[in-house]
Structures are given as structure tokens and as C-alpha cells.
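**Student:** Have a look at this one before I ask anything.
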Amino acid sequence: MKSCNFSYYDPNTVSEVVSLISRHENAKLLAGGQSLVPMLNFRILSPEHIVDLNKVSDLFGIKENGNHLSIGSMTRQSELLNSPLIIQSSPLISKALGYVGHDQTRNRGTIGGSLCHLDPAAELCVVASAYNAELTVTGKKGDRVIAMSDWPVDFLTPALDHDEILTNIRITPWQGSHGFCFIEFARREGDFAIVAVAVLIEITDHVISKASIALGGVSAGPVRLHDVETLLKGQSPGQELFKEAGLLAKKVDAMSDVNYSTNYRKRLSGALTERALHGAMARFKGEEEGHE
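In the numbering used here, the protein residues as written are 9 to 300.
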């Protein structure tokens, strides 16, 4: 099929973008186009206006500002995957991006596009949740910052007003001695995750002092396993503790669809959480990630 007719705009500044989407309610923003273009061609979406963000230079790039990273919403996934700064300071991001599509899609796909499309299985959404990312959106009234925990409103629906654009993603890297792991289960390489797990654990004096665990694929948005994090903190890492964490993760409130049941996703959540904790511990020790 072909898309509907629409008016096309290619502004150069964020203010131009905001002006356009403020004037045209039935408008869609074009970032990498990996989700939008197929939806246009299948007439799942029929906007009257398309605003292309690819000439807005202020939306590109990765910067280190003090103790956090500032990532422009139009930064390509391939740039994030290969960035020395990301690999050194927040390697969980690079690890997760290895599961995102293929080289061709990562060369066009953007971090902002993924966060705004908000697919339940999107790896970057899971990582943003694990890092407690802060998202800056810009509209007619100026900037506002939205915590990643408040970003998902409904299925494929982020907390954006119609006249706002996601401009920046702020991530605070973990500074202490820690391990990380990202794993997912999918039908085939590059396919959408049925369940994905991101884990960060900080270990001080042989005890888990800090933990962050996020799941993807189980709900409309990423799910933080705060109860599992609480279980881990103050405990010595080991097989029995990680097994208990996996059993607790199985209790997640998981969705079902035409392909996979709630119980199937619950079982995967438990098994993958346990495996990811072992993988994070292996990373902390500098070992190979045999559990992945």
C-alpha cells in the first residue's frame, strides 16, 4: 500500500518544529522513520502533515555534562552503539543496542524515535528505565522534564502533548563498582523481544548496595522490579539469592496477546531476571558472560 497524501516540512530549528506542530494538530514527526514509514504505508496512520527532524542539528549528539550524559533525541542508534563515551560510562546502552534490529535499521533509527514510539518490546525504553532517565520535551510553553517512570501513558502513547517534541535524554551513569547485563528472548535474531531484562548491580564490600532491574515486553511500557531490587540490596550476591529474585520476578503483572500468554511472559521474566543477575555478576568479576 501507499501512504495518504500529506504536506511535508523540513525545518532547521526546534522552534520551527514547535511552531509547525502547534499550528497543525494532525501532524507527525519523522525521525529515523523505522516505525513511522511502515505505519504510513499500511495506513495505520494518516496524518495531514509530516515534519522531518533530520535537519535540526541541535537534536543530534552525545555530550558529557558533569556526572551525566546528555543525548540528543535524533542521535542514531548506531552512533550510540559505537560511541566510546557510551561504552566507557554506560555500557548497558551499547549492550542493549546489539539486540535492536539490524545494522540497516540502527543506521537510521534514533533514540528519541524509539522512546516516542514506545513499543512495549523496545530495548532503549528498558535501558532508559533502568538508568532512571530524564526526558526533556519542548513546546510552546518552553521546556519540561519528564521522568522515564512517568513517560508511558498507554500503549504506544508517551506523555507528550501534541505541540511538544522530545529534545534530550539525560542519563546518569553508575560511578561505583558495578555489573550490568541485558538479555532478551525473541523468536529470531533482530525480532521484537517477547521479554527483555536490563540489570545494574553495585557491589560494595561483597554486598549488593544498589540494584536496578527493568523489564520490557510485559506491559505497555517498561516495568521496574522495585520489589526485586529491595530484595537484593544488603545481600551477598549468589546463586540462591538470584534464584529467589527470579521467583519474585515471575510475579510481575504481565500482559497477554495473540502470540504469548501472561503465564508464558511471567515464566520468561523470572528465568531471564535470574540469568541477567548472573550475567551482571560475571561482568562485575570481569568474567565472560557465560550465563547469557
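Ideal Cβ placement from N, Cα and C applies to all residues, glycine included.
Bridge partners of TYR16, per DSSP?
**Tutor:** ILE58.
**Student:** Between the Cα of THR212 and the Cα atoms of LYS241, ILE52 and PHE190, which residue gives the shortest distance?
**Tutor:** Measuring from the Cα of THR212, the nearest candidate turns out to be LYS241.
**Student:** What span of residues does the alpha helix (DSSP H) with ASN90 cover, start to end?
**Tutor:** Looking at the DSSP string, the run of the alpha helix (DSSP H) that includes ASN90 is 85–90.
**Student:** Quick one: complete beta strand (DSSP E) runs, 3+ long, within the region 193–254?
**Tutor:** Complete beta strand (DSSP E) runs here, min 3: 201–212 and 215–224.
**Student:** Report yes if the C-beta distance between THR310 and VAL135 is below 8 Å; otherwise report no.
**Tutor:** Here the chain has residues from 9 to 300 only, and residue 310 is not among them.
**Student:** Of all the options LEU132, THR146 and ILE216, which has the alpha carbon lying nearest to the alpha carbon of SER102?
**Tutor:** Comparing Cα positions, the closest option is LEU132.
**Student:** Output the distance between the C-alpha atoms of ILE95 and VAL45, rounded to the nearest integer angstrom.
**Tutor:** Using only the alpha carbons, I get a separation of about 30 Å.
**Student:** Just tell me which of SER23, GLY225 and ILE216 has its CA closest to the CA of PHE193.
**Tutor:** Comparing Cα-Cα distances from PHE193 to each of SER23, GLY225 and ILE216, the minimum goes to GLY225.
**Student:** Looking only at C-alpha atoms, which of GLY69, ALA279, GLU33 and MET156 sits nearest to PRO55?
**Tutor:** Residue GLU33 is the option with its Cα nearest to PRO55.
**Student:** Starting from ASP151, trace the beta strand (DSSP E) both ways and give me its first and last residue.
**Tutor:** ASP151 -> beta strand (DSSP E) spans 150–155.
**Student:** Helix, strand or coil, according to DSSP, for LYS36 in the structure here?
**Tutor:** DSSP places LYS36 in strand when its eight states are reduced to three.
**Student:** From what residue to what residue does the alpha helix (DSSP H) around ASP111 run?
**Tutor:** Its alpha helix (DSSP H) spans residues 111–116.
**Student:** Please state if the CB of MET82 and the CB of GLY120 are separated by a distance shorter than 8 Å.
**Tutor:** Against a cut-off of 8 Å, the Cβ pair of MET82 and GLY120 comes out as a contact.
**Student:** With a threshold of 16 other CB atoms inside 10 Å of the CB of GLY51, please say whether the residue is buried or exposed.
**Tutor:** The residue asked about is misnamed: residue 51 is Arg in this sequence, not Gly. Result: exposed.
**Student:** What does the alpha-carbon distance come out to for the pair MET289 and ALA104?
**Tutor:** Near 17 Å, if we compare the C-alpha coordinates of ALA104 and MET289.
**Student:** Can you give me the start and stop residues for the alpha helix (DSSP H) that THR270 sits inside?
**Tutor:** 270–293 is the extent of the alpha helix (DSSP H) around THR270.
**Student:** Taking the CB atoms as reference points, tell me whether ILE216 and PRO245 lie closer together than 8 Å.
**Tutor:** For ILE216 and PRO245, yes; Cβs fall inside 8 Å.
**Student:** Where HIS214 and ARG291 are concerned, what is the direct C-alpha to C-alpha distance, given to the nearest angstrom?
**Tutor:** Their Cα atoms are separated by approximately 14 Å.
**Student:** Pick from GLN42, ASN267 and GLU252: whose alpha carbon is nearest that of THR238?
**Tutor:** Closest by alpha carbon: GLU252.
**Student:** Whole angstroms is fine: what's the gap from PRO19's alpha carbon to VAL25's?
**Tutor:** Cα to Cα, the separation comes out at about 6 Å.
**Student:** Between the alpha carbons of THR165 and LYS63, how many angstroms are there, rounded?
**Tutor:** Using only the alpha carbons, I get a separation of about 25 Å.
**Student:** List, from N- to C-terminal side, the alpha helix (DSSP H) runs of 4 residues or more that fit wholly inside the region 118–193.
**Tutor:** Whole alpha helix (DSSP H) segments, 4+ residues: 119–125 and 131–138.
**Student:** Buried or exposed: ARG196, going by 16 or more other Cβ atoms within 10 Å of its Cβ?
**Tutor:** With fewer than 16 Cβ atoms within 10 Å of its Cβ, ARG196 is classed as exposed.
**Student:** Which residue marks the beginning of the beta strand (DSSP E) containing SER78, and which one marks its end?
**Tutor:** Its beta strand (DSSP E) spans residues 76–80.
**Student:** How far does the alpha helix (DSSP H) with LYS259 in it extend, from its first residue to its last?
**Tutor:** Careful: LYS259 lies outside any alpha helix (DSSP H) and carries neither H nor E.
**Student:** Please state the DSSP three-state secondary structure of ASN267.
**Tutor:** Residue state, collapsed to three classes: coil.
**Student:** Does the distance from the C-beta atom of ILE70 to that of LEU61 stay below 8 Å?
**Tutor:** Not a contact, by the Cβ cut-off of 8 Å.
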